[in-house]
Amino acid sequence: MRTRLRRNSVLKRPRLTLFAIAFALAQVSLASAQEKSIVVASTTSTQDSGLYGFILPLFKQKTGIDVKVVALGTGQALDMARRGDADVVFVHAREAEEKFIAEGFGVKRYSVMYNDFVIIGPKDDPASIKGARNVAFALQTIKAKGAPFISRGDNSGTHIAEINLWKGVGIDIKKEAGPWYKSVGQGMGAALNAAAASGAYVMSDRGTWISFKNKADLVIAVQGDKLLFNQYGVILVNPAKHPHVKKELGQQFIDWLISDEGQNAIADYKIEGEQVFWPQRE
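Residue numbering for the sequence shown is 981 to 1262, as defined by the working numbering.
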């Protein structure tokens, strides 16, 4: 009897060992799959416009890499990357992006695509600027007439661009804003909602405006000025600053965005037949 028990025990050990090895390999494989992902700190407009929902499945199908997007204003996205909480940043404020690189937090900036900003306003157009293609005239008129204007006020790419436009017409909006100018300190959707609720003007990126559902009485008042050009760039977070950055996977994402396949995917994204972003690699 004892001999039989020992024999059975000996026979079971190889099976148990093989099972343990298979289980361990499965765990390693699972861990590897889980690690094949990156975090992208992104401006809200690329998320709110629906672009990621269109292009990221194509990227994953090509590479097997999951992209986890954290959508913030550009300033907050760059700060997140400075802390090492992202592998890649995808934003739209070139001066801030170049400062980020100069500080050593980013490796290299790649231009990816562009669209434009538009000035949105109520149909009754209290400032009488509808149809203007001169944004300087529009802003000066809004201020002169005290027409209500909503600002994001969140240090996003859109907010930075808006402040720069006021400066360009000689207006320090932080000092000269009156009761007509309201800063909401929130994202583009919230700013558009506030404008819809109060019959105010607001500056928006075109992509978010096209995808925005609660348009109410709002329409595009001003568009077409070259000063409203809106370019997007992508940057790998510097692994010399943050060694845990997934530099190979992050660079794969960047390389795909500026490849023919990625650029075509960006161009192919449309909302109700209308193109939202134009590819532009440099």
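C-beta: ideal position from N, C-alpha, C; glycine also.
Between the CA atoms of residue j and residue i - distance to the nearest angstrom
i	j	result
G1030	A1180	25 Å
Q1027	G1033	8 Å
V1071	E1077	8 Å
Q1231	R1062	18 Å
A1127	A1107	6 Å
G1169	G1253	21 Å
I1143	V1149	10 Å
K1040	D1235	13 Å
P1223	F1192	39 Å
Beta-carbon proximity of residue i to residue j, cut-off 8 Å
i	j	result
T1121	S1184	no
N1210	A1118	no
W1146	I1153	yes
I1035	I1246	yes
Y1094	I1238	no
V1115	L1207	yes
L1216	I1100	no
A1314	V1050	Beyond the ends of the chain as shown, which are 981 and 1262, falls residue 1314; an answer cannot be given.
R1132	V1098	no
D1067	V1225	yes
V1182	I1109	no
F1085	K1227	no
S1136	G1242	no
F1233	G1187	no
L1229	K1016	yes
N1194	A1171	no
D1248	R1113	no
K1048	V1092	no
Assigned secondary structure, residue i (DSSP; H/G/I helix, E/B strand, else coil)
i	result
Q1260	coil
V1098	strand
A1141	helix
F1070	strand
A1051	strand
I1238	coil
S1136	coil
K1016	coil
ask   = Which ranges does the beta strand (DSSP E) cover as unbroken runs of at least 3 residues, wholly within the segment 1155 to 1233, from first to last along the chain?
value = Listed in chain order, the beta strand (DSSP E) runs fully inside the segment 1155 to 1233 are 1161 to 1163, 1181 to 1185, 1198 to 1202, 1209 to 1217, counting runs of at least 3 residues.
message = So within the segment 1096 to 1133, which uninterrupted alpha helix (DSSP H) runs reach at least 4 residues, ignoring any that extend past its ends?
response = Qualifying alpha helix (DSSP H) stretches, in chain order: 1115 to 1125.
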